[in-house]
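Numbering (our numbering), first residue to last: 9 to 242.
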Amino acid sequence: VNTDYVNIQESPVLAMGATEFPASLSHLPGVEIELGTIYQLRGGALALDQKFTINGLTEQQRQQAFRIVHLGTHAKFKSGSPEKSFIHFHDQPLRLNRAAIQGLGLNNLPVELLVLSACETALGDLEAELGFAGSAYQAGVKSVLASLWDVNDTRTVGLMARLYDELAKVPIKAEALRQAQLAMLNGEVYIQDNQLFYSPQQSGIALDPDQKISKEDLSHPHYWSSFTLIGSPW
9 VNTDYVNIQE SPVLAMGATE FPASLSHLPG VEIELGTIYQ LRGGALALDQ KFTINGLTEQ
69 QRQQAFRIVH LGTHAKFKSG SPEKSFIHFH DQPLRLNRAA IQGLGLNNLP VELLVLSACE
129 TALGDLEAEL GFAGSAYQAG VKSVLASLWD VNDTRTVGLM ARLYDELAKV PIKAEALRQA
189 QLAMLNGEVY IQDNQLFYSP QQSGIALDPD QKISKEDLSH PHYWSSFTLI GSPW
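Here it is, written out as structure tokens:
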């Protein structure tokens, strides 16, 4: 277990994800908004849709070795059949096996925080404990933020935006997540006139115009309690 502390309050982010997928998977308009917001807050590198490939991730890490990697996409865990579980890159699914995840090169510094902004990325069973998050941790990632059930891509933007806002303020990853979740619980993150407001210090984020959300309270635990931190809390 790597217990060394590395401050990532000012670390740039490799933000990657996809909005379009094969016909069997739904469109994720929130991913583009999520990645764009993170990139504006932290800087780093942004790769969307056609640029979101397994080779693209490994090449980016080979060139720069980002301390924070954020993936926004579809994922699915199939209990009893880890070989059928996947995280979907634009060009292909990444199956749940240790060799494939080790091949991503996430231990080349190592990655201090891997954010898997997708469904069921912390879900596991006896064959794959903690699913993709557990496999990434075993592959050398220090801390993995992942979800225990299905999440909504548009509403998840609120948690992720507030998380990175908090990461700039507090030196401990687990505390940043706690503060972000408390902010949602307390009604500080909400949607008004199809704009997402995630921090009193930040302006609203325009959502997909097709959403047409006039007002929505995001304080219900369904929107934020799915995400948990695996590995080092700091």
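Positions of the beta carbon are idealized from the N, C-alpha and C atoms, including for glycine.
{"query": "Ends of the beta strand (DSSP E) at Arg170?", "result": "From DSSP, Arg170 is part of no beta strand (DSSP E) but of the alpha helix (DSSP H) over 161-175."}
{"query": "Hey, how far is the Cα of Ile221 from the Cα of Tyr198?", "result": "11 angstroms"}
{"query": "Are at least three pairs of beta-carbons, each pair with one atom in the segment 93-100 and one in the segment 18-32, less than 8 angstroms apart?", "result": "yes"}
{"query": "Would you be able to state if there are at least three C-beta pairs under 8 angstroms between the segment 229-239 and the segment 145-159?", "result": "yes"}
{"query": "I'd like to know whether the C-beta atoms of Glu196 and Gln187 end up nearer to each other than 8 angstroms.", "result": "no"}
{"query": "With distances taken from CA atoms, which of Leu112, Trp232, Lys181, Thr162 is nearest Met192?", "result": "Trp232"}
{"query": "Whole angstroms are fine: how far does the CA of Ser125 sit from the CA of Phe5?", "result": "Residue 5 is absent from the model: the chain starts at 9 and stops at 242."}
{"query": "Report the partner residues of Asp225 according to the DSSP bridge assignment.", "result": "Tyr198"}
{"query": "For Trp157, which residues of its own chain have a beta-carbon under 8 angstroms away from its beta-carbon, when the five flanking residues on both sides are left out?", "result": "Cys127, Glu128, Leu131, Ser234"}
{"query": "Quick check on DSSP: helix, strand or coil for Arg103?", "result": "strand"}
{"query": "Give the secondary structure of Ile9 by DSSP, where H, G and I count as helix, E and B as strand, and everything else as coil.", "result": "The sequence given here places Val at residue 9; Ile does not occur at that position. Coil at Val9, not helix or strand."}
{"query": "Quick check on this structure: which residue in Gly113, Ala176, Lys92, Asp57 has the alpha carbon closest to the alpha carbon of Glu67?", "result": "Gly113"}
{"query": "Could you pull out every unbroken beta strand (DSSP E) segment of at least 3 residues lying fully inside the segment 34-118, listed in chain order?", "result": "52-56, 76-80, 94-96, 101-103"}
{"query": "Among residues of its own chain, excluding the 5 on either side of Leu36, which ones have a beta-carbon nearer than 6 angstroms to its beta-carbon?", "result": "Thr27, Asp161"}
{"query": "If you count every other CB in all the chains shown that lies within 10 Å of the CB of Arg70, and 16 or more means buried, which is it?", "result": "exposed"}
{"query": "Tell me which same chain residues have a C-beta within less than 8 angstroms of the C-beta of Asn194, skipping the five on either side of it?", "result": "Ser227"}
{"query": "Can you give the Cα-Cα distance for Glu120 and Glu40, rounded to whole angstroms?", "result": "23 angstroms"}
{"query": "Quick check on DSSP: helix, strand or coil for Phe244?", "result": "Outside the displayed span of the chain (9 to 242) sits residue 244, for which this structure offers no information."}
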